[in-house]
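A.B. asks:
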Amino acid sequence: MKNFQIIRTLSSKSAVTTIAKESSAMFIAGGTNLVDLMKKNVVAPDKLIDISGLDLKQIEFLTGKVSIGALTKNSQVAEDKVIQEKYPLLALALAAGASQQIRHMASVGGNMLQRTRCSYFYNTDMPCNKRNPKSGCGAIGGSNRMHAIFGASDSCIAVHPSDMCVALAALDATVFVEGPKGKREIKFTDFHRLPGNMPEKDNTLENKEIITSVEIPNNNFSKHSHYLKVRDRTSYAFALISVAVGLDIQNNTIKDARLAMGGVAHKPWRLTEAEEFLKGKTVSETTFRQAADLAMHGARSYGDNDFKLTLGPNAITEALTIAASK
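Using the working numbering, the first residue of the sequence shown is number 3, and each one after it goes up by one.
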């Protein structure tokens, strides 16, 4: 790790102003991902702008929604009693996402911005278009057990590692950001990008923008929600496949549904076709299996991850069944 300078700021405006003057600077909050990347020489900023002191740590329950500051700790959100009652899917995803120690350090905004855990991305001796554009993708034709089955390209088949983001995608969240050009908001499903021919760009943030908060609208999924995470071990591990489910069930009929998957794409993968299929259907194993099969349309594997084509629909079916049975 090379030497670097830390600059502390106390407002989002000053943070944006400071980073706009520094060509190689990066923001740091909890540092649970960035420090790892620096140790591996994947990134090597000359300066870090410490935003951990910014006043972006509130959970505010407003009319028709909840607003969560970008610097709110993952543990604070996961353990909040009102979040657990009204938005249990988010609490479940956060609880599944990391060790308790990491949840106490990691911020909501940092969780959204974490980089892929692809081994080729972390190994600077290997080709990786995400780390070094136009150098090739080592995972294509290489070791790709953890890799994408949706939305990949010839440039990159890496997956987004977050559990929290899968829940936020399912819950129709909105991201609020601030930058040199002012403030704006981004639909969560539009925040992360597919790789295309620019896999080095993970999201739709513009240059020098900072996340200030994320908002989730109220919903009717508080009773029938589930987050299923399939991983190699039950302790801290990234998902082979995860499924976020929210159902609004009345008289055994599904009035509304939200579905998203993790561990399968460069971004949290929203299953909108399956959601539409489920609306108006009677709760049953057959219905859930049909929705799962529909959700897998277009899936493609790369060898080591062929098992995901079978694991995917089974996980969706199980997650729907558990959510409906609550």
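Backbone N, C-alpha and C define an ideal beta-carbon position, used for all residues, glycine too.
None of the values given here were measured: they were computed from a predicted structure.
Answer with buried or exposed for K329, where buried requires no fewer than 16 other C-beta atoms within 10 angstroms of its C-beta.
C.D. replies: Since the displayed the chain opens at 3 and closes at 328, residue 329 lies outside it and no answer follows.
A.B. asks: Give the DSSP-derived three-state secondary structure of C167 in the structure shown.
C.D. replies: Correct three-state label for C167: helix.
A.B. asks: Beta-carbon within less than 7 angstroms of P182's beta-carbon, same chain only, minus the 5 sequence neighbours each way: which residues are those?
C.D. replies: Closer than 7 angstroms at Cβ, skipping near neighbours: V18, A22 and K210.
A.B. asks: Can you give me the Cβ contacts of T284 inside the same chain, cut-off strictly under 8 angstroms, excluding the 5 residues immediately before and after it?
C.D. replies: Excluding positions up to five away in sequence, the list reads N254, T255 and I256.
A.B. asks: Could you have a look at K310 and say whether DSSP puts it in helix, strand or coil?
C.D. replies: Looking at K310 - three-state DSSP - the assignment turns out to be helix.
A.B. asks: Taking the alpha-carbon of I159 as reference, which of I324, Y122 and I212 has the nearest alpha-carbon?
C.D. replies: The option with the nearest alpha carbon to I159 is Y122.
A.B. asks: Name the one or two DSSP bridge partners that V179 has.
C.D. replies: V179 is bridged to R186 and I213.
A.B. asks: Which runs of the alpha helix (DSSP H) spanning at least 4 residues fall entirely within the stretch 254 to 328, listed in chain order?
C.D. replies: Fully enclosed alpha helix (DSSP H) runs of 4 or longer: 274 to 280, 287 to 297 and 310 to 327.
A.B. asks: Curious, which full-length alpha helix (DSSP H) runs of at least 4 residues does the stretch 30 to 105 contain?
C.D. replies: Qualifying alpha helix (DSSP H) stretches, in chain order: 36 to 41, 76 to 81, 83 to 88 and 90 to 99.
A.B. asks: Throw me the rounded Cβ distance for the A171 and F190 pair, which I believe falls under 8 angstroms.
C.D. replies: Contact flag correct, Cβ pair sits at about 6 angstroms.
A.B. asks: Give me the Cβ distance between A31 and S54, rounded to the nearest whole Å; I'm assuming they're in contact under 8 angstroms.
C.D. replies: 5 angstroms between Cβ atoms; contact.
A.B. asks: Would you give the residue range spanned by the beta strand (DSSP E) that I243 belongs to?
C.D. replies: Counting along the chain, the beta strand (DSSP E) containing I243 begins and ends at I243 to Q252.
A.B. asks: Quick one: measure Cβ to Cβ for G99 and D165, integer angstroms, because I've assumed they're closer than 8 angstroms.
C.D. replies: G99 to D165, Cβ: 4 angstroms. Contact.
A.B. asks: Going by C-alpha distance, which of G282, L58 and V232 is nearest L313?
C.D. replies: Among G282, L58 and V232, the Cα nearest to that of L313 belongs to V232.
A.B. asks: Per DSSP, M148 forms a beta bridge with which residues?
C.D. replies: The partner list for M148 (beta bridge, DSSP) is empty, contrary to what the question assumes.
A.B. asks: With a cut-off of 8 angstroms, do at least 3 Cβ pairs link the stretch 219 to 233 to the stretch 290 to 298?
C.D. replies: No, the stretch 219 to 233 does not touch the stretch 290 to 298.
A.B. asks: Let's see if you can read the secondary structure: which residues bound the beta strand (DSSP E) around Y229?
C.D. replies: Element bounds for Y229: H226 to V232.
A.B. asks: Cα separation between I218 and G66?
C.D. replies: Going by the C-alpha atoms only, they are around 9 angstroms apart.
A.B. asks: Once DSSP output is grouped into helix, strand and coil, what is the label at I218?
C.D. replies: Looking at I218 - three-state DSSP - the assignment turns out to be strand.
A.B. asks: Starting from the C-beta of D306, find all residues in its chain whose C-beta is less than 7 angstroms away, skip the five residues before and the five after it, and write them out in chain order.
C.D. replies: S145, N146 and R147, listed in sequence order.
A.B. asks: If I follow the unbroken beta strand (DSSP E) through I9, where does it start and stop?
C.D. replies: Where I9 is concerned, the enclosing beta strand (DSSP E) stretches over Q7 to R10.
A.B. asks: Please tell me whether V44 and A150 are closer than 9 angstroms, where the distance is taken between their beta carbons.
C.D. replies: No, these two residues do not count as a Cβ contact at 9 angstroms.
A.B. asks: Given A321, which residues of its chain have a CB within under 6 angstroms of its CB, disregarding the five upstream and five downstream residues?
C.D. replies: Taken in chain order, the residues that qualify are H228, L230, V245 and V247.
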